[in-house]
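The structure under discussion appears below in the form of structure tokens.
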Amino acid sequence: MKSAHDIVRFDREIIQQPGLVAQLALSKQVFGVIRRGIASQSGLVPVGLRGVARNQRFALEIPDSAIQAVIHPWEITMRESFRVSEVAQFPVYAQYHAARKILSGFKWGVGGSLGFELSSGISAIKPTSDFDLLLYANAPAELPLTVIAANHSFFEQFDTQVITAKGGFALKEYLRTPAKKILLKTDAGPLLTKELWS
């Protein structure tokens with residue numbers, strides 16, 4: 023099953039917009055990230071692409087049948103960057119290595135630029151990149167709250183999203199107001215709700 027934050031691989035030939043193709047790297051295969059949203063028709067998947075320039079982002083829909091591989095964020099938590107000697111001192115990479123130790127035994131994943139680089143083998147992170155941590159849970163009891171409390175200063179350094187069957191929400195907002203409505207990002211759009219869990 024594919025969901026938001028998954029990285030997908032497909033051939034560039036399926037992209038119908040010539041102007042967009044010109045903005046992408048020259049490799050035959052393209053990597054994109056699945057976006058939250060409902061596709062315009064059955065059989066299509068909403069995907070976001072990175073351009074050659076770091077600030078370029080493009081949204082499109084691709085046929086589900088054209089996807090050759092899916093990399094889930096929790097599958098890459100033990101991978102190293104292909105340029106580890108260059109990025110090892112980046113704050114985002116140090117936070118990633120710290121998360122490996124702190125969250126051992128829990129289901130978590132890496133999103134954002136680092137998740138893209140670990141999944142695709144394409145350079146994406148820089149010294150100022152943020153660490154996008156994803157925690158997977160289908161009930162409050164599955165959240166590593168004791169670990170989070172014991173490492174409060176670590177988790178305060180970046181934004182963590184909790185991913186449930188219903189969507190995603192900010193860990194910090196949930197911890198501040200666990201009994202109140204908070205913003206839940208869903209495929210149908212964001213909504214304020216207390217119904218966060220499956």
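The opening residue of the sequence shown carries number 23 in the numbering used here; numbering runs sequentially from there. Ideal Cβ placement from N, Cα and C applies to all residues, glycine included. Remember, it's a predicted structure, so these values are computed and weren't measured experimentally.
Backbone CA spacing between residue 101 and residue 25 [nearest angstrom]: Locating residue 101 in the sequence shown gives position 79, where the first residue counts as 1. Locating residue 25 in the sequence shown gives position 3, where the first residue counts as 1. Distance between the alpha carbons of residue 101 and residue 25 is about 21 Å.
Limits of the unbroken alpha helix (DSSP H) element including residue 108: Along the sequence shown, read from residue 1 onward, the residue named residue 108 stands at position 86. Unbroken alpha helix (DSSP H) run through residue 108: 106-109.
Span separating the alpha-carbon of residue 206 from that of residue 159: As a first step, residue 206 is located in the sequence shown; it is residue number 184 there, counting from the start. As a first step, residue 159 is located in the sequence shown; it is residue number 137 there, counting from the start. Approximately 14 Å, taken between the alpha carbons.
Below-7 Å beta-carbon distance, residue 96 vs any chain B residue: Among the chains of the structure shown, chain B does not appear; only one protein chain is present.
Beta strand (DSSP E) segment containing residue 112, residue limits: To locate residue 112, count along the sequence shown from 1; it is residue 90. In the DSSP assignment, residue 112 falls outside any beta strand (DSSP E), carrying neither H nor E.
Exposed unless 16 or more other CB atoms sit within 10 angstroms - verdict on residue 86: Along the sequence shown, read from residue 1 onward, the residue named residue 86 stands at position 64. Exposed is the label assigned to residue 86, since fewer than 16 other Cβ atoms lie within 10 Å of its Cβ.
Span of the beta strand (DSSP E), counted from its first residue to its last, around residue 155: Here residue 155 corresponds to residue number 133 of the sequence shown, with the count starting at 1. Residue 155 -> beta strand (DSSP E) spans 154-158.
Residue 9 vs residue 95 beta-carbon contact at 7 Å: With the chain covering only 23 through 220, there is no way to say anything about residue 9.
Close-in-space but distant-in-sequence residues of the same chain around residue 176 (CB under 7 Å, 5 per side omitted): Taking the first residue of the sequence shown as position 1, residue 176 is located at position 154. Here the set comprises 120 and 124.
Of the residues 61, 201, 53 and 218, the one placed nearest residue 79, counting alpha carbons only: Along the sequence shown, read from residue 1 onward, the residue named residue 79 stands at position 57. Comparing Cα positions, the closest option is 53.
Check: residue 175 C-beta below 6 Å from any heavy atom of the ligand ADP: Annotation note on the ligand ADP: not contained in the displayed structure, which lists no ligands.
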